Amino acid sequence: MRQYLLKSLLQIIPVLFLISIIVFVLVYCTGDPVSLMLADTATDEDRAILIAALGLDQPLYVQYFTFIGHMLQGDFGTSFRYDMPALPIVLERLPATFELAIASMLVATVISIPLGILSATKRNSFLDIFFSGCSVLGKAMPHFWLGIMLILLFAVEMKALPVSGRGSFENLVLPAFTLGTGIAAEMTRLIRSSMLEILNQDYIRTARSKGLLESIVVYKHALRNSMIPVVTIMALQTSTLIGGTLITETIFSWPGMGQLIIQAVNARDMAIVQAAVFVVAFLVIISNLIADILYRVLDPRIKYN
Amino acid sequence: MKKRLAGMGLAAVLALSAALVGCSSQSSTTTPAPKQQEAASGTAPASGGNSGEKVLTIASGNDIVSFDIHDHNNTSTEAVHVNMFNYLVKKDRNQKVQPDLATSWEIVNDKTWRFKLREGVTFHNGDPFTADDVKFTLERVAKDQKLLEYGNYKQIQEVKVVDPHTIEIVTNESEPVLLNRLSRLGSGMLPSKYIKEKGWDEFLKNPVGTGPYKFEKWERDDRLIMVKNDQYFGDKPKWDKLVFRAIPEDATRVAELLTGGVDIAVNIPPSDLERIDSNEGTHTATGPTQRVMQLTLRMTPGTVTENPKVREAIDLAIDEKAIVDSILAGGGTPTRTRVTPGNFGAEPSLYNTSLYDPERAKQLLAEAGYPNGIDINFSATSGRYLKDKETAELIQAMLAEVGIRAKLDLMEWSKFNETYKAKKFGEMFMISYANSMFDGSLAFDRLTTERAKGESDYSNPEVDKLLKEAEKNMNLEERAKQYQQVQKIVAEERPHIYMYQMNANYGVSDKINFEPRLDEMLFADEITLK
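Quick note, the sequences are listed as chains A and B, same order.
Using this note's numbering, the letters of the first sequence map in sequence onto residues 1 to 305.
Using this note's numbering, the letters of the second sequence map in sequence onto residues 306 to 835.
Structure follows, in structure tokens:
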């Protein structure tokens, strides 16, 4: 186990290195930050001065090694837009995004577990078909559309919840629901199939033949075991959520990483984009690793090497 | 065995829920929850709710860039800053220069201006405001080439401290627009002692000015909170607290206004204006801005637009009034000049007028030798300006009516900007410029022979001469005439075809009085409770 962990951790290094190259090249290919920073009145001379000041007149590989060298010291460069080191700005946003990601996951869990169980136990019934339809719909619905619809219904029409911003529990409800439904749709289907598989196992048949109540069979024997793959998927989904809340955060003006990345991209604030993508990549790798370990811990049939 | 595993799975779910509880309870302790809830849930703004506190909440499309007033060129950032910082002189609603931190001024000689400073002014941290602060502030931006506003202040050679409340500004050349420069972005007075002692980083975290409101808290991309400054030298601040919220999504910003979450929402899309007006408790306010939408034409030899008749035909084919009415819901004014009213040197005869005449346009094309029409390349932005894509498409259709087949190339801003800076557009491109200097000089800087090279390739020695003279002319009456003359020539020769001045649209709560300003500034004390 320890050996496996060590190996996994060492594998992170080349992955991060690769990400750093991709991020660096992509950002430099997509636009010219200087033209966006300069006023309309700026002359070519002003432009040259700014380019030199930012070190953009150096060859690409020199810029890359400067970037990597600084990065190893935790310095992701200075944000053009904020005139401050990029990494603290990005880290400052993590709590808001974590909060939203976890709340969304909770919404997804609360919706998907009962629906998944019902679908599996009442297989091919009207309810099963109805929930399957809902989950297709839930997966297909774009976040920006759902978000705006929820705002119109619950905030503008019913005035039950605040429209946007962060600060109170009420603020969390609509964005968490927007993000949670898509995941719930996926998890419902997963729970349903996992549950169905387990309901066909020998030990369930044994339990039933002993004359146990159906509810005990389902909730005591089947549910616990069918949750194992679900937990793994949840960990993986959480990592996707951390990086993928861009649109939802913008709609609800939630001051998290997603909104920061969108604004930084619009402003061609390269330092922020690089730092943010790096932090997200790091978190995704780490949470995938945790999911992997969790899976191995939960299911002893999987070997550590 | 199975039991143990299942238990672990459930424990993981429980841990997740526990983490959530931790998160949400943490969020309500680390942030001043009651105040935020007040602003967010919409019970408090404007009226102040239970506490009786007068809070003004304004929602913008983007957050302020930074508190480095010299290192941004963003109007919406300045619009917020003006509540915290004072300029030496300020412009009133009619764009007349008024005393602010300077009480009087005189021209000593062509290159020297003397300013008398207001006495008894203190910064928010208690430091007195003196001549040293003026020297520190203006020389920083005039000397540091890395600052984005450097280009607009490098004309200043030196600031001389005559006595603690008198300064002299020495410029490199004679500088007729100095007062305009000093009443705009980058001229807010900074506390030199505080910055020298505590450092620039500390200032950016806890900015200090002399204005009617002082900094309280800034949560990036969420909200900036200011509270009133009881020590303010001018009229007593009207609000206890200002909240500037950043809400990038248009639909969300409008929804916040409709639910009373904010008192003013800026940048309202034309399609939402009616909804805000018909909603109980809100209305819209609209006003002209310094932004003029224009077409830049190529006069490069070998292009069809080199022919003055073709350029005139393009001008006559476009119905500016129709664009403004149908696309901008009336939010604009047709104009044939970029120097609109409120700017020094404006030519009124070219404002609020259009030459739309499609029949004559067809005739002109025939006269130019193109009875079967022409093909041109037309580049425009998509998503940069209000309804730019729709406007460009309508222009394309209008041009087609008279036989000008425009190949429209819509570009995302950074792509457009790169092509623009590289001067690689075809016969025609659409762009909008603002004018924060409120002076004719800026409107023509792209039309001198030197700057137009490769872009419009316009060259008129008379225009060059007039602009050169006007730039340094301290005789203001004569200077205005020079700019008016240039406008008439440009309107006739059409290297640029000016189309319309854009309005700024605001959504406003019925509880407050708000009138937009031409400079788009949001002075909180000009906004009052009804």
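Positions of the beta carbon are idealized from the N, C-alpha and C atoms, including for glycine.
On a predicted model such as this, the values are computed, not experimentally measured, just so you know.
- In the DSSP secondary-structure assignment, B:I472 is bridged to B:F420, B:V466.
- Around the beta carbon of B:N414, a 10 Å sphere encloses fewer than 16 other beta carbons of the protein chains shown; the residue is thus reported as exposed.
- A residue is called buried once 16 or more other Cβ atoms fall within 10 Å of its Cβ, and B:R710, having fewer, is exposed.
- Using a CB distance cut-off of 7 Å, B:L563 counts as an interface residue toward chain A.
- Within the stretch 569–603 of chain B, contact with chain A at the beta-carbon level (separation under 7 Å) is assigned to no residue.
- The Cβ atoms of B:R550 and B:A436 do not sit closer than 7 Å to each other.
- By the neighbour-count criterion, in which a residue is buried when 16 or more other Cβ atoms sit within 10 angstroms of its Cβ, B:P766 is exposed.
- A direct Cα-to-Cα measurement between B:E507 and B:I552 gives close to 27 Å.
- A:P255 and B:D527 do touch by the CB rule: their CB atoms are close to 4 Å apart, below 8 Å.
- Within 9 Å of the CB of B:S631, no CB atom of chain A is found; the nearest one sits about 25 Å away.
- For A:A48, the enclosing alpha helix (DSSP H) starts and ends at 44–54.
- By the Cβ neighbour-count rule, A:Q274 is buried, with 16 or more other Cβ atoms within 10 Å of its own.
- Straight through space, the alpha carbons of A:P142 and B:I369 are spaced by roughly 30 Å.
- Counting the other CB atoms within 10 Å of its CB gives B:N477 a total below 16, which places it among the exposed residues.
- The DSSP assignment places no complete run of the beta strand (DSSP E) inside the stretch 194–230 of chain A (cut-off: 3 residues).
- Judged by their CB atoms, B:M598 and B:S737 are nearer to each other than the 7 Å cut-off.
- Annotation: the continuous alpha helix (DSSP H) that includes A:N266 extends over 257–267.
- Counting along the chain, the unbroken alpha helix (DSSP H) around B:Y788 starts and ends at 781–798.
- At a cut-off of 7 Å, the C-beta of B:S659 has no neighbouring C-beta in chain A.
- DSSP assignment within the stretch 725–762 of chain B yields the following whole beta strand (DSSP E) runs of 3 residues or more, N-terminal first: 733–738.
- For the pair of segments examined, the stretch 376–389 of chain B was found to touch the stretch 484–496 of chain B: the number of CB pairs separated by less than 8 Å reaches three.
- A:S112 does not reach chain B, its nearest Cβ partner there being about 12 Å away, counting only Cβ pairs nearer than 7 Å.
- Non-local beta-carbon contacts of A:E170 in its own chain, meaning distances under 6 Å to residues more than five positions away in sequence, involve L161, P162 in chain order.
- Spatial neighbours of A:L91 in its own chain (CB-CB distance under 8 Å, excluding positions within 5 residues in sequence) are listed in chain order as V279.
- For B:P553, the closest Cβ of chain A is nearer than 7 Å.
- The CB of A:R268 comes closer than 9 Å to the CB of S719 in chain B, given here in chain order.
- Scanning B:M716, B:H375, B:V615, B:T754 for the CA closest to the CA of B:Y455 turns up B:H375.
- Interface residue (Cβ-Cβ distance to chain A less than 7 Å): B:V370 is classified as such.
- By the beta-carbon neighbour count (other beta carbons within 10 angstroms, threshold 16), A:V110 is exposed.
- Two segments are said to touch when three or more pairs of C-beta atoms, one from each, lie closer than 8 Å; by this definition the stretch 182–198 of chain A touches the stretch 108–125 of chain A.
- Counting only residues of its own chain and dropping the five nearest sequence neighbours on each side, A:V15 has a CB closer than 7 Å to the CB of I285.
- Taking C-beta atoms as the reference points, B:I581 and B:G366 fail to come closer than 7 Å.
- Selection B:H429, B:V559, B:K770, B:M779 evaluated against B:N584 yields B:V559 as nearest (Cα-Cα).
- Comparing C-alpha distances from B:G674 to each of B:T610, B:I628, B:K712, B:G650 shows the shortest one belongs to B:T610.
- Annotated as distal: B:L600 and B:I832, with beta-carbon spacing of 7 Å or more.
- The beta carbon of B:I679 lies closer than 8 Å to those of V609, V615, L670, G708, I709, R710 in the same chain, with the five residues before and after it left out.
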